[in-house]
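> Sharing a structure, written as structure tokens. Questions coming.
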Amino acid sequence: MAQPQTHSSTQGPPQSSQVPPTAAAPVSPPAHDTTDGSASSEKENKEKKAFDRWRHTLSLITGIGLSPEEFQAEIDKADKKQCELYKEQLVKSSPGVRFMMNNLKKSGCPLTKNMLECGPCDSTKSGGFSKDHGILLCQNGFFSKKHQEHTMIHEMIHMYDHCVFKVDWDNLRHHACSEVRAAALSGDCNWTREVRRGFYTFTKQHQECVKRRATISVQANPNCPSRAAAEKAVNAVFESCYSDTRPYDEFY
Ligand SMILES: [Zn+2]
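For the sequence shown, the positions run 82 to 333 when the numbering used here is used.
In structure tokens:
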């Protein structure tokens, strides 16, 4: 059975910038004075360059002059660049990411660079772990660097569990346990993220968030027949898995 790749995050703002516009109108160049003299032609050149830059920017914003495919390709390129940049920075300087990388290494499952890949995903996901391919970071799924950081840690916890606890991903309770731990330890459920989602309450907020997110992820397991089955699996393992904070001493 295929590895579940489903550690979903549906809480980002709508990706409205990714919808290519339907109407594409040609842009006319501005009228130039046709005067002689090197000074003015230099000025003209500068203007032309500025205009080209402006037009390029405009075409990225509005899609003018680009087909929907070209427009999407530009967006993909920009998303990938951003994801790769954040990845480099986080691997270097995020205490949480570095901590998990060190612990993966100590556990005999080092995370190499080619196992941490930025790629496009469907809009409901932010990342995924596959025992065969490593970690996928959904370059179009992040609404902040912090979000990407939490996703990296979340997927690294799955990788850690796979390495240390020999998780059977086809078994819903195994999967649920890893999702509970990943949601609890990655920062997915810290209170600012919860306020943004509109789920903040003062009682048991963290636990409720962990349960809710773990349930969504387990529900996406190909072996999970229903939301009720996902809830049942999460509830069955919640207490022991929520309190098992390895390799952390406490919640991040
Ligand atoms: Zn997950």
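Cβ coordinates follow ideal geometry from the N, Cα and C atoms, glycine included.
From a predicted model like this one, the values you see are computed outputs, not experimental measurements.
Tell me whether Thr-138 is buried or exposed, calling it buried when 16 or more other Cβ atoms sit within 10 Å of its Cβ.
Within the sequence shown, residue 138 is the residue found at index 57, counting from 1. Under this definition Thr-138 is an exposed residue.
> Apart from the five residues just before and just after Ala-314, which ones in its own chain have a Cβ nearer than 6 Å to its Cβ?
Taking the first residue of the sequence shown as 1, we reach residue 314 at position 233. The residues are Leu-253, Arg-254, Ala-257 and Val-299.
> Per DSSP, Ile-156 forms a beta bridge with which residues?
Taking the sequence shown and counting its residues from 1, one reaches residue 156 at position 75. Bridge partners of Ile-156: none, in fact.
> For Trp-250, would you say it is in contact with chain B, using Cβ-to-Cβ distances shorter than 9 Å as the test?
Considering every chain present, this structure includes no chain B. It has just one protein chain.
> Considering only residues of the same chain and omitting the five flanking positions on each side of Asp-242, which have a CB-CB separation below 6 Å?
Indexing the sequence shown from 1 puts residue 242 at position 161. Taken in chain order, the residues that qualify are Val-248 and Ser-259.
> Does the contact criterion of 3 or more C-beta pairs under 8 Å hold for the region 219 to 232 versus the region 154 to 165?
Yes: the two stretches touch, three or more of their Cβ pairs being nearer than 8 Å.
> Counting only the same chain and skipping the five closest in sequence on each side, list residues whose C-beta sits under 7 Å from that of Ser-175.
Position 94 of the sequence shown, counted from the start, is the residue given in the question as residue 175. If we look at Ser-175 and ignore the five residues flanking it on each side, its Cβ neighbours are Glu-230.
> Leaving out five residues on either side along the sequence, give the residues of the same chain with a beta carbon under 8 Å from the beta carbon of Met-196.
Indexing the sequence shown from 1 puts residue 196 at position 115. Excluding residues within five positions, the ones whose Cβ falls inside 8 Å are His-214, Gly-215 and Ile-216.
> Report whether the distance from the Cβ of Ala-264 to the nearest heavy atom of ligand 1 is below 8 Å.
Indexing the sequence shown from 1 puts residue 264 at position 183. At least one heavy atom of ligand 1 is nearer than 8 Å to the Cβ of Ala-264, so yes.
> Hey, how far is the Cα of His-239 from the Cα of Ala-263?
Within the sequence shown, residue 239 is the residue found at index 158, counting from 1. Within the sequence shown, residue 263 is the residue found at index 182, counting from 1. The alpha-carbon atoms of His-239 and Ala-263 are separated by roughly 7 Å.
> Check the DSSP bridge columns for Cys-219 and list the partner residues they point to.
For the purposes of this step, residue 219 is identified with residue 138 of the sequence shown, where counting begins at 1. Bridge partners of Cys-219: Gly-200.
> Could I get the ranges of all uninterrupted beta strand (DSSP E) runs contained in the region 234 to 310, with 3 residues as the minimum, in chain order?
Those beta strand (DSSP E) runs which fall completely within the region 234 to 310 and span 3+ residues do not exist here.
> State the Cα-Cα distance for the pair Cys-244 and Ala-131, rounded to the nearest angstrom.
For the purposes of this step, residue 244 is identified with residue 163 of the sequence shown, where counting begins at 1. For the purposes of this step, residue 131 is identified with residue 50 of the sequence shown, where counting begins at 1. C-alpha separation (whole angstroms): 54 Å.
> Hey, Ser-267 and Ile-297: beta-carbon distance below 9 Å or not?
Taking the sequence shown and counting its residues from 1, one reaches residue 267 at position 186. Taking the sequence shown and counting its residues from 1, one reaches residue 297 at position 216. Their beta carbons are not under 9 Å apart, which means Ser-267 does not touch Ile-297 by this criterion.
> What do you reckon, is the C-beta of His-228 under 8 Å from a heavy atom of ligand 1?
Numbered from 1 along the sequence shown, position 147 holds the residue referred to as residue 228. The answer is no for His-228.
> Taking C-alpha atoms, which residue in Cys-199, Lys-292, Pro-303 and Glu-312 lies nearest to Asp-157?
Numbered from its first residue, the sequence shown carries residue 157 at position 76. Here the closest residue by C-alpha is Cys-199.
> According to the neighbour-count rule (16 or more other Cβ atoms, all chains shown, within 10 Å of its Cβ), is Ser-324 buried or exposed?
For the purposes of this step, residue 324 is identified with residue 243 of the sequence shown, where counting begins at 1. Exposed, because fewer than 16 other Cβ atoms sit within 10 Å of the Cβ of Ser-324.
> My output table needs one value for Gly-118: the three-state DSSP class, helix, strand or coil.
The count along the sequence shown starts at 1 and reaches residue 118 at position 37. Annotation note: pLDDT 44 at Gly-118 (below 50); position unreliable, coordinate value reported separately. If DSSP states are grouped into helix, strand and coil, Gly-118 belongs with coil.
> With a threshold of 16 other CB atoms inside 10 Å of the CB of Asp-203, please say whether the residue is buried or exposed.
Numbered from its first residue, the sequence shown carries residue 203 at position 122. Looking at its Cβ environment, which holds fewer than 16 other Cβ atoms inside 10 Å, Asp-203 is exposed.
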